[in-house]
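Numbering of the sequence shown is given in the UniProt record's numbering, commencing with residue 1 and proceeding in unit increments.
A virtual CB, placed ideally from N, CA and C, is assigned to each residue, including glycine.
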Amino acid sequence: MGFNENQTATIQGSEPVVSVAKPELINGSHAVIQSLIAEGVKTIFGYPGGAIMPVYDAIYDYQDQINHILVRHEQGAAHAAEGFARITGEVGVCLVTSGPGATNLVTGIADAIIDSTPMVCIIGQVASHLLGTDAFQETDVMGITIPITKWNYQVTNADEIPEIIAKAFYIAKSGRPGPVLIDITKDAQQKLMTKPFVHKKTETLLSYHPRLAPKEEQLAAAAKLINQAKRPFLFVGHGVQIAGAEQELIRFIEKTDIPAASTLLGLSSMSVDHPNYMGWLGMHGNYGTNVLTNQCDLIIAVGMRFDDRVTGDLSRYAKQAKVVHIEIDPAEIDKIVKADAPVVGDAKIALEQLLPLVNANNHAAWIAEFKKYDAIEDEKITQPELAPTTEKIKMAEVIRTLSDKTKGEAVIVADVGQHQMMAARYYQFKKPSSYITSGGLGTMGYALPASFGAKVGAPDREVVAIIGDGCFQMTIQELGTIAQSGLPVKIIILNNNFLGMVRQWQQLFHQKRYSFVELQNPDFITIAKGFGIDGHTCAKREDLHASLDTMLASDKPYLLEVLVEKEENVFPMVPTGACVADIRLE
């Protein structure tokens, strides 16, 4: 057992007897929790089990300092931690057991690495003497997660815990953020440390030096191209929000008068009302932003990685344009699109330091080109979607009405599919950090737990999950987590009884051969009420406004199911393998 802080020892010698208090020695489990507290963690999303039980026993003593939220499935813990991290900018924390507990986290970890979300996953593992024996609930979580973590580490000695946890938080948050995994054997959790607990935050690592401030020569080269450009186009990526660079972005754009468009994860970095905001890039983005990508003479890419959903056919992508690429991860430079002027560094710092180097300018004629395409898109797509003549409600109507009622200031957490694209297209984002979704991995089931995590992180903001009927059934059990918390997460199911995006592709590219995409759904409202969450179904257009008002007025969790048109498609659309300039309007 460890020493109690009130215990003393008597030292005999030539001097008088002196009583000296010996520091308490704590076990590995208490070291885990005390380290998390030292890192400023106030919320953990987790699920207990045998190999992590010592840590859960330790949490019992710290319930006044850490809020542990019991999810219903470990994947829910990962996505909730992601939602928390995305809205707060802090590190999300998961705590699960070995074996299936660890493997159930894998999808969320993979989602976090590709979307640059800071997360620390603490995993229980079998005792060190059982490693490699195929013991009960043993898996090689280290081997499994090497490709999908920034760093992972297996702890077998209690003395390592404070240092490893400090490193984990530093690595997860610094540079390009991402998930880190710590695998702790059960004996390391149970044994006493051999020295007093000390937690010192990591501020630097010998082998890891993310560059924050760009090199002067890189900034000068970028500024030269920007000042020379006649038709420049700025792409706003997720890195802008990660860096907290929204204000620097606006100042840069307003000085240079450069038109800007966002990637999917860059949405809400700029208000849609800003005169230089031209819309959204990519497969289901706006007409003008895609077509004019192939007519600009300079691309300024800020905190984005030229994902294939943005570029389409690379052999025909913006060949006429020079490229300035501002990116904190040097591995992304030249990986997909060759940069004429790479700027390696933090987006906030880079934009700050570029601002005095660029000239004030006026690009009114160039911006007017975008407006011509906007008018075409509005006539052919937007207005028919928002003022339909169909009997069934359209998804766009739901999203735009929600946007109007929340004044574009809610946090929208979208799942993956047609509803995700409709939320991106028709919600009028006015505040930063307002669109949270699974981008690179496209993880169905993301939104329900992520919306809960976002609400935990931002309890004063309205958080609305936009989910399809297929996605909802992937993580439906997290209704239990939401109900137990009582937090007023608002959930909208856009129900078309299809796996809508797959059905759209089968219609357009597979001769309408609908192969296993139609769903026989349960009664979602009855299920929600079984969890203790109120809700109702809206089936008629004339009831939509009142239904949304009822949901938004609730001070508790609420589920609104909206029955929408079954075979609605999302346009515009850049087909896979097509050039962005060949975007389809129908």
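Between the region 318-327 and the region 300-307 there are three or more inter-stretch CB-CB distances shorter than 8 angstroms, so the stretches are counted as touching.
Excluding sequence positions up to five before and after residue 569, its CB lies within less than 6 angstroms of the CB of 504, all in the same chain and listed in chain order.
Using a Cβ distance threshold of 9 angstroms, residue 556 and residue 459 do not count as a contacting pair. DSSP assignment within the region 517-555 yields the following whole beta strand (DSSP E) runs of 3 residues or more, N-terminal first: 534-538. A distance below 7 angstroms between beta-carbons, with the five flanking residues on each side excluded, links residue 110 to the following residues of its chain, in chain order: 148 and 441. Its chain contains 246, 249, 266, 269, 302, 303 and 347 as the residues whose beta carbon lies nearer than 7 angstroms to that of residue 240, once the 5 sequence neighbours on both sides are disregarded; these appear in chain order. Short of 8 angstroms from the beta carbon of residue 477, and not among the five residues preceding or following it, lie these beta carbons of its own chain, in chain order: 72, 73 and 76. Here DSSP, grouped into helix, strand and coil, assigns residue 218 to helix. Secondary-structure assignment with DSSP links residue 125 through a beta bridge to 185. From the listed residues 502, 184 and 83, the smallest Cα separation to residue 512 is found for 502.
By the beta-carbon neighbour count (other beta carbons within 10 angstroms, threshold 16), residue 545 is exposed. In this structure, DSSP gives residue 465 an extended state, which the three-state scheme calls strand.
Distance from residue 63 to residue 197 at the Cβ level is roughly 19 angstroms; contact not present, criterion being Cβ atoms closer than 8 angstroms. The distance from the Cβ of residue 93 to that of residue 81 is about 6 angstroms, consistent with a contact at the 8 angstroms cut-off.
Counting every other CB atom within 10 Å of its CB across the protein chains shown gives residue 136 a total below 16, marking it as exposed. In the three-state scheme derived from DSSP, where H, G and I count as helix and E and B as strand, residue 72 is classed as coil. Under a 10 Å Cβ-count criterion, residue 150 is classified as buried, with 16 or more other Cβ atoms of the shown protein chains found around its own Cβ.
With a cut-off of 8 angstroms on Cβ pairs, the region 112-131 is in contact with the region 175-193, counting three or more such pairs. Residue 486 counts as exposed, since fewer than 16 other C-beta atoms from the protein chains shown sit within 10 angstroms of its C-beta. Using a 10 angstroms sphere on the CB of residue 472, the tally of other CB atoms reaches 16 or more, which defines it as buried. Of the candidates 516, 510, 479 and 506, 479 places its Cα closest to the Cα of residue 527. For residue 419, the uninterrupted alpha helix (DSSP H) segment begins and ends at 418-426. Rounded to whole angstroms, the Cβ separation of residue 583 and residue 287 is 6 angstroms, and the two are in contact under 8 angstroms. Within the same chain, and ignoring the five residues on either side of residue 252 in sequence, the residues whose Cβ sits closer than 6 angstroms to its Cβ are 351 and 355. One Cα belongs to residue 415, the other to residue 227, and the distance between them is close to 40 angstroms.
In the three-state DSSP reduction, residue 579 falls in the strand class (E or B). In this structure, the straight-line span from the alpha carbon of residue 395 to that of residue 447 is close to 17 angstroms. Sixteen is the threshold: when 16 or more other Cβ atoms of the shown chains lie within 10 Å of the Cβ of residue 560, as they do, the residue is buried.
At a Cβ-Cβ threshold of 9 angstroms, residue 470 and residue 532 do not count as neighbours.
When Cβ pairs closer than 8 angstroms are counted between the two stretches, the region 35-43 is seen to touch the region 160-169, the count reaching three or more. Taken in chain order, the complete beta strand (DSSP E) segments of 3 residues or longer contained in the region 132-204 are 151-155 and 179-185. Taking the Cβ atoms as the reference, residue 534 lies roughly 6 angstroms from residue 558, within the contact range of under 8 angstroms. It is roughly 9 angstroms from the alpha-carbon of residue 521 to the alpha-carbon of residue 495.
Burial state of residue 373 is buried, judged by a 10 Å Cβ sphere holding 16 or more other Cβ atoms. When the Cα atoms are used, residue 437 and residue 401 turn out to be separated by approximately 20 angstroms. Counting every other CB atom within 10 Å of its CB across the protein chains shown gives residue 290 a total of 16 or more, marking it as buried.
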